[in-house]
Amino acid sequence: AFESVTSFFQSLVPLSEPQFAMFGPGLEQLEISLMNTIMHSPHVLPVAGLPQRQIDGIGSGISFKYKDQHRFNIATLYSTNRTERERARLEHLSLRSKLFVYEEDSESNIPLSINSMFNQVCQAVNGFIFVANAETDRGTDREWEEECAQIRVMLDPAVGAVSRPILVLSCVSRETADRRRIPCVTIAHQLQLSSLPNPWMVQDTTAETLTGLLDGIDWLLRHSGVKL
Numbered sequence: 004a005f006e007s008v009t010s011f012f013q014s015l016v017p018l019s020e021p022q023f024a025m026f027g028p029g030l031e032q033l034e035i036s037l038m039n040t041i042m043h044s045p046h047v048l049p050v051a052g053l054p055q056r057q058i059d060g061i062g063s064g065i066s067f068k069y070k071d072q073h074r075f076n077i078a079t080l081y082s083t084n085r086t087e088r089e090r091a092r093l094e095h096l097s098l099r100s101k102l103f104v105y106e107e108d109s110e111s112n113i114p115l116s117i118n119s120m121f122n123q124v125c126q127a128v129n130g131f132i133f134v135a136n137a138e139t140d141r142g143t144d145r146e147w148e149e150e151c152a153q154i155r156v157m158l159d160p161a162v163g164a165v166s167r168p169i170l171v172l173s174c175v176s177r178e179t180a181d182r183r184r185i186p187c188v189t190i191a192h193q194l195q196l197s198s199l200p201n202p203w204m205v206q207d208t209t210a211e212t213l214t215g216l217l218d219g220i221d222w223l224l225r226h227s228g229v230k231l
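Residues in the sequence shown are numbered consecutively from 4, following this note's numbering.
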């Protein structure tokens, strides 16, 4: 299913639209899907265009309108197809993402590089959105290490300019009085964002209500050269 990723991606978007690649465990591990909420919240981010094609397991590039005038496109890059993602979420399994290449014969989930099928996608985008799981009962230190490595592979200076921003959405399913979240500053520390050459920002958001999402999008568009 991955052969035509590049032509698929190029066919999605008018070149004038800023394009962003969105990935990360917060897209897949939470009880409430951030992307589902975004797609059904026209009062927050109206959908401005849907792709003609969708590739299994990758998601697709969807155009949105910010403040009813600035179009931009998000290509959601999932680790694998929906069935496998849902099974991993329910059974708390650790998945090897198909976005990356790993050391042969190794048990490690630390990626070595990006899967070559996604190289041109990552070269084409103006910036990145990494969705972090900020639930307090999330996984181990090893998972933080894997996510840290995924970000570095995705932002490899050999693939694209270090001026491209990365917005980290620190995401929980829902906000209630008795539910706590991992603070932004801890997320930034665990992902070692301060060592990145790229501009970065961590923004608290909630999958159920999308609080904070527009502040993050505003920052991302500005740092991608859009005059707001």
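Don't be surprised by glycine CBs; every beta carbon is placed ideally from N, CA and C.
DSSP three-state label for residue i, please.
i: G60; result: Since pLDDT at G60 reaches only 49, below the 50 mark, its modelled position is unreliable, and the value read off the structure follows with that caveat. Here G60 sits in coil by DSSP.
i: E110; result: coil
i: D218; result: helix
i: N129; result: coil
i: Q206; result: strand
i: A3; result: Any question about residue 3 goes unanswered here, given that the chain covers just 4 to 231.
i: V171; result: strand
i: N122; result: helix
i: A161; result: coil
i: Q195; result: coil
i: R85; result: helix
i: R182; result: coil
i: Q22; result: strand
Which partner residues does residue i have in the DSSP bridge list?
i: I117; result: F103
i: S66; result: G52 and N76
i: Q153; result: Partner(s): none; Q153 has no beta bridge.
I believe residue i touches residue j by the beta-carbon criterion, under 8 Å. Please report the beta-carbon distance rounded to the nearest angstrom.
i: P168; j: W203; result: 7 Å
i: V156; j: F103; result: 6 Å
i: G29; j: C125; result: So it is not a contact: roughly 19 Å between Cβ atoms.
i: L231; j: D221; result: 7 Å
According to the Cβ coordinates, are residue i and residue j closer than 7 Å?
i: Q206; j: L172; result: yes
i: R99; j: N118; result: no
i: V165; j: P200; result: yes
i: A210; j: L37; result: yes
i: E31; j: R88; result: yes
Legend entry - Validate contact between the segment 23 to 31 and the segment 61 to 80 using beta carbons, cut 8 Å, 3 pairs: Output reads yes: the segment 61 to 80 touches the segment 23 to 31.
Inset, instruction - Pair every Cβ in the segment 181 to 195 with every Cβ in the segment 126 to 142, then say whether three or more of these pairs are closer than 8 Å. - result: Pairwise C-beta distances place the segment 181 to 195 in contact with the segment 126 to 142, as three or more of them are shorter than 8 Å.
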